[in-house]
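Since the structure comes first, as structure tokens, the remarks are kept for the end.
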Amino acid sequence: MRIFDPHIHMTSRTTDDYEAMYAAGVRAVVEPAFWLGQPRTSPESFYDYFDGLLGWEPYRAAQFGIQHFCTIALNPKEANDPRCLPVLDELDRYLAKDRVVAVGEIGYDSMTPEEDEALARQLQLAIEHELPALVHTPHRDKAAGTRRTLDVVRESGIAPELVVLDHLNELTVGMVLDSGCWAGFSIYPKTKMSEDRMVEILKEHGTGRVLVNSAADWGRSDPLKTRKTADAMLAAGFDDDAVDEVLWRNPVAFYGQSGRLELEEPKPDEEATFRGNSIRRGGA
Amino acid sequence: MAVTTASLSTPPDPQPGLIAALDDTARTWLEGSVAEVAAEPAAVRRLFPAVRRRCGHGRLDSYWTVDEAARAVLLTALPLRGQALADEVTRLHRHGDPAEQRAVLRALPLLDLGDLALALVRETLRGNDTTLIEAALGPYAAAHLPDAEYRQAVLKCVFYEIPLDRVTGLGTRADRELARMLADFAHERIVAGRDVPEDILPVVRAFPDVVGGRAELQHALKEEG
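Right under this line is the structure:
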């Protein structure tokens, strides 16, 4: 089974996770830029983070046979902090880079005017850079937030097939699929969405334009939720082809719109380094 | 002095080789990008990172890869001078991945920067990436790096096993103090029973008095020839 996790924050995960993911079938991941669990207080912190998403993390992933791509954006939560806003002026530099396959995560957290501005501006950047957009939907007031997000996406003029709305549930999936956007689901141990509920959604809405991710990060989360969802699909009677569609071909089709996915499996190389630094211990 | 080094004072002009090497799509993209940068310098911020994807990254000649050469062409198209040019180039380097940083470092001798880009060379020499260190020690560093720093850079290459024939300017910049440092390094290695890299010997031989009465060192210097 081959798996593409279209949303996972590997910077927060261990090498054990990479090993377990490879063993479970994960061969490619997309890591969206997001917040770190505590606020950043200057633009420079973002640039170092972006550099890590484009440098150290793909190097780490490659040592475990996994292709690592990323999405770049000023996240909705920190778009409310005036100290972080200058990041918007430098995004052009990062959105032009080879392993950046979308603008994201953008979207709403608390639906403030500042978030409106950041969302609209970054959707324009997606259009200018001919990139897809990964749009987070808010945890609070999700249905209203999703409706409002769809309005802003429509007003931006970006093609709906270039947009995924993420963290959906039973109440928001219908309007997103109706809009022509892609529907993203984050399968969590306790909150958001479980693999069994996901299977029910797939039965009701079908397997087209659906992305399933673990969204694993520094919080309680599970980087193997993609595989567990695949197993739950098989147990519920979906065949191997449907599993391959949802867990591999769909994310490849969505992020492939960037023209920047290169999916040959990296060969782990004990001697490889990034800027002269390695994941070996007792060495460099 | 019989020291073989990369003795170029300026790198080869990247333009002619590139024009021959690029296919039509890539050439059109690069020509359009050069025009954009000439008209609006800030455009370089999104064009410079996209070069590898648009033009490729194979080797062009002994100095340039295709992406480094194409990036150098974009930098030379910037209609900026002095501090403004240094600021733009410095920020491309700061936000660049290793391939972009190599391109900036290799292009430095083509840009009218005086010693305004020395900070980039120094930052690179503090790091551990041998490909970047090698790119930093080209004609720009040979022309601008102060003596003490140039010597330290050469010694760092020896420690990182970067062949000294890739360090520009050694033929003219190697001095007695550098020879003394390399002789001491060689002596240390001999005493420890370790190999002495061959490529440091010509520098030491050029200043025989630094060897002093160290018999093992004299022996090592003679052995090769």
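Protein chains in written order, with the working numbering: chain A, 2 to 285; chain B, 332 to 556.
Backbone N, C-alpha and C fix where the C-beta goes; we use that ideal spot for every residue, glycine too.
Own chain, CB closer than 7 Å to L509 (chain B), minus 5 neighbours either side, in chain order: By the criterion of a C-beta distance shorter than 7 Å, L509 (chain B) is surrounded in its chain by R482, V485 and V534, once the five residues flanking it on both sides are discounted.
What are the start and end residues of each continuous alpha helix (DSSP H) run of 4 or more residues lying completely inside the stretch 453-512 of chain B, in chain order? 461-467, 470-475, 478-490 and 501-504
So L135 (chain A) and T208 (chain A) are in contact, right, with Cβ under 8 Å, and what is the actual spacing, rounded? That belief does not hold up - the Cβ atoms of L135 (chain A) and T208 (chain A) are roughly 20 Å apart, past 8 Å.
Secondary structure of P190 (chain A), DSSP reduced to three states: coil
Proximal residues of chain B, C-beta to C-beta of D93 (chain A) below 7 Å: Ordered by position in chain B, the residues that pass the 7 Å Cβ test against D93 (chain A) are R376 and R377.
Among A:N214, A:L235 and A:T227, which residue has its Cα nearest to the Cα of K204 (chain A)? A:L235
Based on the DSSP output, what are the partners of Q68 (chain A) in its beta bridges? Its beta-bridge partners are A:A29.
Using a beta-carbon distance cut-off of less than 7 Å, what residues from the stretch 130-164 of chain A approach chain B? Flagged: no residues at all.
Would S111 (chain A) and P139 (chain A) be called neighbours here (beta carbons separated by less than 9 Å)? yes
Using only alpha-carbon positions, find the residue among A:R84, A:F65, A:C182 and A:T42 that is nearest to T16 (chain A). A:F65
What does A381 (chain B) reach in chain A if we use C-beta pairs closer than 7 Å? A97
Under 9 Å (Cβ pairs) to chain B, residues found in the stretch 44-76 of chain A: Y48, F51, D52, L55 and G56
Would you decide whether K98 (chain A) is buried or exposed? Buried here means 16 or more other CB atoms lie within 10 Å of its CB. buried
Could you confirm whether any beta carbon from chain A is found closer than 9 Å to the beta carbon of R497 (chain B)? no
Comparing C-alpha positions only, which one of B:T461, B:E362 and B:G469 sits nearest to L439 (chain B)? Out of B:T461, B:E362 and B:G469, B:G469 has the C-alpha closest to the C-alpha of L439 (chain B).
Proximal chain E residues relative to P372 (chain B), where beta-carbon distance stays under 8 Å: In the structure shown, chain E does not exist; the protein chains are A and B.
Run down chain A in chain order and give the residues with a C-beta less than 7 Å from the C-beta of P429 (chain B). R276
Boundaries (first-last residue) of the beta strand (DSSP E) holding V154 (chain A): Segment K143 to S157 is the alpha helix (DSSP H) holding V154 (chain A); no beta strand (DSSP E) there.
Looking only at its own chain, which residues have a Cβ that is under 6 Å from the Cβ of N76 (chain A), when we skip the five neighbours before and after it? Around N76 (chain A): F35, W36 and E106.
Under 7 Å Cβ to Cβ from T42 (chain A), same chain only, skipping five residues before and after it: list those, please. R84
G53 (chain A) versus A:V177, A:G220, A:R141 and A:H69, residue with shortest Cα-Cα distance: A:H69
Pairwise C-alpha distance: L449 (chain B) and F516 (chain B): If you take the alpha carbons of F516 (chain B) and L449 (chain B), they lie about 27 Å apart.
Could you have a look at D99 (chain A) and say whether DSSP puts it in helix, strand or coil? Reduced to three states, the DSSP call for D99 (chain A) is coil.
Look at S222 (chain A) and P252 (chain A) and say whether their C-beta atoms are less than 9 Å apart. Contact flag unset, no.
Which of the three DSSP states, helix, strand or coil, is assigned to H8 (chain A)? coil
For H10 (chain A), which residues of its own chain have a beta-carbon under 8 Å away from its beta-carbon, when the five flanking residues on both sides are left out? Within the same chain, H10 (chain A) has close Cβ partners E32, P33, F35, A216, A217, D218 and W219.
What would DSSP say about A237 (chain A), mapped onto helix, strand or coil? Three-state result, A237 (chain A): coil.
Is DSSP giving L423 (chain B) helix, strand or coil here? DSSP places L423 (chain B) in helix when its eight states are reduced to three.
What residues from chain B crowd round R261 (chain A), counting only those whose CB sits closer than 9 Å? R384
For A103 (chain A), which residues of its own chain have a beta-carbon under 7 Å away from its beta-carbon, when the five flanking residues on both sides are left out? T72, L132, P133, A134, L135, Y256 and S259
Option nearest P343 (chain B) by Cα separation, candidates B:K487, B:L378, B:T396 and B:V375: B:T396
From the DSSP output, in three-state form, read off F538 (chain B) for me. Residue state for F538 (chain B) is assigned as coil, using DSSP reduced to three classes.
Closer than 7 Å by beta-carbon distance: list the chain A residues that pair up with D460 (chain B), in chain order. R276 and G277
Do the CB positions of I67 (chain A) and A21 (chain A) come within less than 9 Å of each other? no
Helix, strand or coil, according to DSSP, for L212 (chain A) in the structure here? strand
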